[in-house]
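This report concerns only the one structure given below.
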Amino acid sequence: YWAIVSDLPEQETWTVDAPIGKLNKFRYGVTLPGKPSVTNFRVIATSGKFALIEARPITGRTHQIRVHLTHSGLPIVGDAPYGGTPAARMMLHCSSMSFHNQNKTLIAAKAPVDEAFTKFFIESGLTVPEGL
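Note that the sequence shown covers residues 28 to 159 in the working numbering.
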């Protein structure tokens, strides 16, 4: 996953290992009791006050990336329920996904970013390193 956040991370890579549970009918958060949840993060690019982050969830909890980035002090741009700055849409994109089907065949897919993500990306001055 790719996420654009409206602050600069203190580290290039980090892992959040924090339990996630329901806070109310519409929102999840780091809480006890909660289900074990782990996400690895890596900074891909920065510009001014924005950063493009790669998120690799190890577990698969509802709103996991959103919750773990907010817990890290880095809410996703456009993610109002979790404190993100306003944008045309939430700047979270599933760039690729892979899994093994019931026959143990690897299924993989990549998805290009949409126009709103691309526009925000360019306007914020972010550039993607070559080969990504």
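Glycine is no exception: its CB is placed at the ideal position from the N, C-alpha and C atoms.
Fair warning: this is a prediction, and the values are worked out from it, not measured in the lab.
Coil, strand or helix - residue i by DSSP
| i | result |
| --- | --- |
| Ala143 | helix |
| Pro84 | strand |
| Leu133 | strand |
Residue i, buried or exposed, once every other Cβ within 10 Å from all chains shown has been counted against 16
| i | result |
| --- | --- |
| Ile166 | Because the chain in this structure spans residues 28 to 159, residue 166 falls outside the shown range and cannot be described. |
| Gly100 | exposed |
Residue from the options with nearest C-alpha to residue i
| i | options | result |
| --- | --- | --- |
| Pro15 | Asn128, His120 and Leu153 | Examination of residue 15 is not possible in this model, given that the chain is present from 28 through 159 alone. |
| Glu150 | Leu59, Ser74, Val43 and Asn51 | Ser74 |
| Lys92 | Ala115, Glu37, His127 and Phe68 | With the sequence shown as reference, residue 92 is identified as Ile, and Lys is not the correct amino acid for it. Per the Cα distances, Phe68. |
| Tyr55 | His90, Ala30 and Lys137 | His90 |
| Thr42 | Asp34, Val57 and Ile85 | Ile85 |
| Glu39 | Val57, Val70 and Ser33 | Val70 |
| Phe126 | Phe144, Lys137 and Gly111 | Lys137 |
| Gly111 | Phe77, Ala72 and Val155 | Phe77 |
Euclidean distance between Cα positions of residue i and residue j
| i | j | result |
| --- | --- | --- |
| Phe53 | Pro108 | 9 Å |
| Ser122 | Leu59 | 31 Å |
| Asp44 | Leu96 | 11 Å |
| Leu79 | Leu153 | 7 Å |
ask   = Are the stretch 50-63 and the stretch 130-147 touching, with three or more C-beta to C-beta distances below 8 Å?
value = No: the two stretches stay apart, fewer than three of their Cβ pairs being nearer than 8 Å.
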